[in-house]
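Colleague: Here it is: the structure, laid out below.
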Amino acid sequence: MSRVTPLSAGEEDEISQLLDNIPARPYPTYDELTYDRFLNDHLIPNTPFLLSSKTTSTWPASHKFRLAPAFSSSSYSSYQAGPSRPNLSALRPYAHHVVPIANTLRPQYSEFERTERPLGDVLDQWEGGGAGDGRGGGRGMYVKDWHLMAEIEGEGRGVEEIYEVPECLRDDWLNPPYTPSPRPPSSGRSKSTSASTSDFRFTYLGPALTYTPLHRDVYGSYSWSANIVGRKIWWLFPPDRLEAVRDENGELVFDVRRLEVQGGGIKVLQEEGEVIFVPSGWHHQVVNVDFCISINHNFFSSPTLLSIYNTLCLAQIRVEDAISDVKEMIIERLGRNSDGWEKEWVEEVQGLLERDAGWGWRGFWRTIVQNLKDPPAPQRLSPPKEMRNAWIKEVIHLYQQRREWVILEDVTRTIASIEGTLGVPVQ
Ligand SMILES: O=C(O)CCC(=O)C(=O)O
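Residue numbers for the sequence shown follow full-length UniProt numbering, beginning at 1 and rising by one.
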């Protein structure tokens with residue numbers, strides 16, 4: 001059975017209002033995008049684009065997870081007329097995965113109420129339809145950040161049962177290596193726990209009007225997102241266009257739909273099958289206008305190293321501010337003139353940064369080493385080596401002005417090994 005909760009009249013209305021006044025798409029949509037063009041027109045200038053549905057038309061997910069639109073014949077022209085319905089039965093093989101769920105009807109401060117449950121329970125709710133049962137049939141429930149690919153690989157299979165990363169997007173330093181073949185199964189993980197959260201390949205699914213509030217991606221990364229089923233509206237905010245989305249305290253609002261002219265965001269309707277590229281550091285909000293199944297990756301590569309570096313510096317400043325009293329305590333205990341206090345303080349900050357931001361300087365430089373040693377994409381799908389090396393040298397040069405350069409000796413050795421790989425000392 002793959003019947004999902006019907007929409008109420010109010011929800012139908014809300015969706016038609018959202019679909020009203022979609023402006024002409026201000027960004028290019030490519031059937032084919034060469035790596036050269038991607039690099040020069042989008043990665044380096046940091047600008048959005050879309051890939052047409054041709055890109056995902058051969059993905060197994062596009063066949064497995066789509067059912068023909070309701071009220072239409074299965075002719076090609078009527079298929080074109082509207083988005084598909086989700087084939088929830090085809091998700092049953094993954095019913096045992098414990099997935100993160102956001103209740104998008106219950107915002108809590110700057111997040112939604114969140115739970116984790118086996119996917120099967122969520123599918124039951126959606127397929128239960130909610131007609132008259134008072135539970136709403138899973139209304140507002142959004143499966144977000146499900147590590148489907150890591151789960152599949154953890155079970156000893158390969159992600160080719162779902163998708164294939166578009167060629168131009170394979171130079172991915174956050175999720176290396178790109179591999180169409182199975183990675184070794186992870187050991188000792190029970191079937192009822194969720195997969196490693198260490199990768200950034202996510203699957204999202206949820207009914208119309210579930211949404212992701214205004215945010216910027218982790219580490220200042222880029223992201224790409226492919227609609228397998230359904231359409232999404234995106235509001236994109238370049239870094240210089242954020243004034244109108246701040247509240248009276250200067251904080252970013254949660255939901256730009258509440259603002260006049262939606263905060264001046266650039267509104268893009270992403271059709272079924274299309275892939276959207278979100279530049280590094282751009283805030284965005286997303287609303288599903290149909291039941292949506294989508295796959296996205298957060299990623300970065302050498303052209304955006306500087307922005308990733310700056311994002312980490314800012315995260316560190318926030319951590320240092322939050323625990324400034326700890327610094328005073330360390331100084332009081334060890335004495336300002338001792339050698340030890342600064343080392344202990346720097347380590348304290350790195351530990352908290354790793355927990356809070358997901359990584360510190362050790363993780364940052366280790367990522368560069370790994371990607372130099374084992375590039376995730378062949379040279380024809382990566383920036384020319386001279387460009388890549390120049391971007392790496394730029395961040396090494398900046399890091400050498402920091403106190404951590406002197407204090408974190410293991411990191412300094414890691415950087416020396418990078419310099420060895422690049423062939424020249426940076427100083
Ligand atoms: O599809 C969504 O709800 C959110 C996706 C997103 O924010 C992203 O890909 O960065």
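Every residue gets a Cβ at the ideal spot worked out from N, C-alpha and C, and that includes glycine.
Alpha carbons only, please: which of 169, 106, 321 and 345 is nearest the one belonging to residue 331?
Modeller: Nearest C-alpha to residue 331: 345.
Colleague: Could you tell me which residues DSSP puts in a beta bridge with residue 385?
Modeller: Answer by DSSP bridge pairing: none, since residue 385 is not bridged.
Colleague: Exposed or buried, which one is residue 17 when buried takes at least 16 other CB atoms within 10 Å?
Modeller: Exposed, since its Cβ has fewer than 16 Cβ neighbours within 10 Å.
Colleague: Check residue 118 in the structure and name its three-state DSSP category.
Modeller: If DSSP states are grouped into helix, strand and coil, residue 118 belongs with the strands.
Colleague: Would you decide whether residue 151 is buried or exposed? Buried here means 16 or more other CB atoms lie within 10 Å of its CB.
Modeller: Residue 151 comes out buried.
Colleague: Examine the Cβ distances between the region 34-43 and the region 56-68 and report whether three or more of them are shorter than 8 angstroms.
Modeller: Flag = no, the region 34-43 and the region 56-68 do not touch.
Colleague: Under 8 angstroms: do the region 228-240 and the region 260-268 share three or more Cβ pairs, one atom per stretch?
Modeller: Result yes; three or more Cβ-Cβ pairs closer than 8 angstroms.
Colleague: From residue 372 to residue 383, what does the alpha carbon distance come to, in whole angstroms?
Modeller: Spanning the two alpha carbons is a distance of roughly 12 angstroms.
Colleague: When the Cα of residue 11 is compared with those of 139, 23 and 300, which residue comes out closest?
Modeller: Nearest of 139, 23 and 300 to residue 11, Cα basis: 139.
Colleague: Quick test of the definition: if touching needs 3 or more C-beta pairs under 8 angstroms, does the region 305-318 touch the region 389-399?
Modeller: Contact holds: three or more Cβ-Cβ distances are below 8 angstroms.
Colleague: Measure the alpha-carbon distance for residue 410 versus residue 362 and round it to whole angstroms.
Modeller: Straight-line Cα distance between these residues: approximately 8 angstroms.
Colleague: Can you name, in chain order, every residue of its own chain whose Cβ lies under 7 angstroms from the Cβ of residue 170, other than the five neighbours on each side?
Modeller: Result list for residue 170: 178, 376, 377 and 381, in chain order.
Colleague: May I ask you to report which of helix, strand or coil DSSP gives residue 304?
Modeller: Reduced to three states, the DSSP call for residue 304 is helix.
Colleague: In chain order, what residues of the same chain have a beta carbon less than 7 angstroms from the beta carbon of residue 367, not counting five sequence neighbours either side?
Modeller: These residues qualify, in order along the chain: 173.
Colleague: Buried or exposed: where does residue 102 fall if 16 or more other Cβ atoms within 10 Å of its Cβ makes it buried?
Modeller: By the neighbour-count rule (16 or more Cβ atoms within 10 Å), residue 102 is buried.
Colleague: Where residue 339 and residue 407 are concerned, what is the direct C-alpha to C-alpha distance, given to the nearest angstrom?
Modeller: If I take the Cα positions, the gap works out to 10 angstroms.
Colleague: I need the DSSP call for residue 291, collapsed to helix, strand or coil.
Modeller: Looking at residue 291 - three-state DSSP - the assignment turns out to be coil, as it is neither helix nor strand.
Colleague: Below 7 angstroms between beta carbons: does that hold for residue 51 and residue 30?
Modeller: Against a cut-off of 7 angstroms, the Cβ pair of residue 30 and residue 51 comes out as a contact.
Colleague: In the DSSP output, what is residue 206 paired with across the bridge?
Modeller: BP columns for residue 206 point to 292.
Colleague: Which of helix, strand or coil does DSSP assign to residue 191?
Modeller: In this predicted model, residue 191 has a pLDDT of only 38, less than 50, meaning its place in the structure is not dependable enough to derive any value.
Colleague: Taking only three categories from DSSP, how would you classify residue 416?
Modeller: In this structure, residue 416 counts as helix in the three-state DSSP scheme.
Colleague: Is any non-hydrogen atom of ligand 1 found closer than 6 angstroms to the C-beta of residue 40, if you look at the structure I gave you?
Modeller: No, since every heavy atom of ligand 1 falls outside the 6 angstroms radius drawn around the Cβ of residue 40.
Colleague: Going by DSSP, which residues form a beta bridge with residue 224?
Modeller: Partner(s): 277 and 297.
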